[in-house]
Amino acid sequence: DVKVTQSSRYLVKRTGEKVFLECVQDMDHENMFWYRQDPGLGLRLIYFSYDVKMKEKGDIPEGYSVSREKKERFSLILESASTNQTSMYLCASSFLRAYNEQFFGPGTRLTVL
Amino acid sequence: GQQVMQIPQYQHVQEGEDFTTYCNSSTTLSNIQWYKQRPGGHPVFLIQLVKSGEVKKQKRLTFQFGEAKKNSSLHITATQTTDVGTYFCAGPLRDKLIFGAGTRLAVHP
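Respectively, the protein sequence lines represent chains A and B.
Just remember that this note's numbering sits 1061 ahead of the position in the first sequence, which is counted from 1.
Just remember that this note's numbering sits 682 ahead of the position in the second sequence, which is counted from 1.
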């Protein structure tokens, strides 16, 4: 069974803080993704990575960065959190880039005050 | 903007009624994927359709992929309370998986 884990289920931060969201998968997938989910907007791709040390911008990368130092771990970084980054953050991994199923972590609900 | 459109945004049915959600893409897709997200949960993969005109069934769920590979539908026959959740379609566009906004299904017992 593929397992994708995320470091926190709930997180509360203050405006301007640096925030790290960690994601780990245990199925040796090369492809990892970060999405944010907001009501009525579905899942929007923030960043993705198809290999270690590789990263690509998704559709809404502004205000975020990522790190992929090891194959199993993909981190999302909010350099200076803002209230409009309050959202549900979902990490996913897959075997074949965008062309087959993605396995999602449980999500981190981030609130920025 | 959103390149994979999904309707309706929300549907409320009585238990036992049928339900359908529709997905449309502005471009031809190599495949279409469907996911279900239960309330408080994360999206879980249901199925992938690849061939033009393909129809697949999973118990009471029927998935179709259009002939032009630009649209898809998910139909649930005789809904049950366990069907509650949000159903997303997703298609690969320019090497990224693009999700529809989802259809939230509420089932009244």
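For each residue, glycine too, the CB sits at the ideal point set by N, CA and C.
- Tyrosine 1160 of chain A belongs to the set of residues whose beta carbon lies under 8 Å from a beta carbon in chain B.
- Listed in chain order, the beta strand (DSSP E) runs fully inside the stretch 1101 to 1171 of chain A are 1103 to 1110, 1126 to 1131, 1134 to 1139 and 1148 to 1155, counting runs of at least 3 residues.
- Contact annotation: the stretch 751 to 758 of chain B does not touch the stretch 1126 to 1135 of chain A, with fewer than three C-beta pairs closer than 8 Å.
- In this model, phenylalanine 1165 of chain A and glutamine 696 of chain B are separated by some 30 Å (Cα to Cα).
- With 16 or more other CB atoms across the displayed protein chains lying within 10 angstroms of its CB, threonine 761 of chain B is buried.
- Bridge pairing for methionine 1093 of chain A: A:Ser1110 and A:Ser1154 [DSSP].
- Taking a beta-carbon distance threshold of 8 Å, glycine 784 of chain B counts as an interface residue toward chain A.
- According to the DSSP assignment, serine 1068 of chain A belongs to no beta strand (DSSP E), since it is labelled neither H nor E.
- From the listed residues A:Glu1078, A:Gly1077, A:Thr1076 and A:Met1093, the smallest Cα separation to glutamine 1067 of chain A is found for A:Met1093.
- At least one CB atom of chain A sits nearer than 8 Å to the CB of histidine 724 of chain B.
- With respect to valine 1127 of chain A, glutamine 1146 of chain A sits apart: the two C-beta atoms are not nearer than 8 Å.
- Annotation for valine 737 of chain B: the continuous beta strand (DSSP E) segment containing it runs 737 to 740.
- Neighbours of glycine 1168 of chain A in chain B, taken as residues at a C-beta separation under 8 Å, are given in chain order as His724.
- The beta carbons of valine 737 of chain B and aspartate 765 of chain B sit no closer together than 8 Å.
- Using a CB distance below 7 Å, the part of the stretch 1085 to 1107 of chain A facing chain B consists of Gly1101, Leu1102, Gly1103, Leu1104 and Leu1106, ordered along the chain.
- Chain-ordered listing is empty here: chain A has no CB closer than 8 Å to the CB of aspartate 765 of chain B, the nearest sitting near 19 Å.
- Taken in chain order, the members of the stretch 705 to 721 of chain B whose beta-carbon sits within less than 9 Å of a beta-carbon on chain A are Ser712, Asn713, Gln715, Tyr717 and Gln719.
- With a threshold of 8 Å between beta carbons, leucine 1151 of chain A makes contact with chain B.
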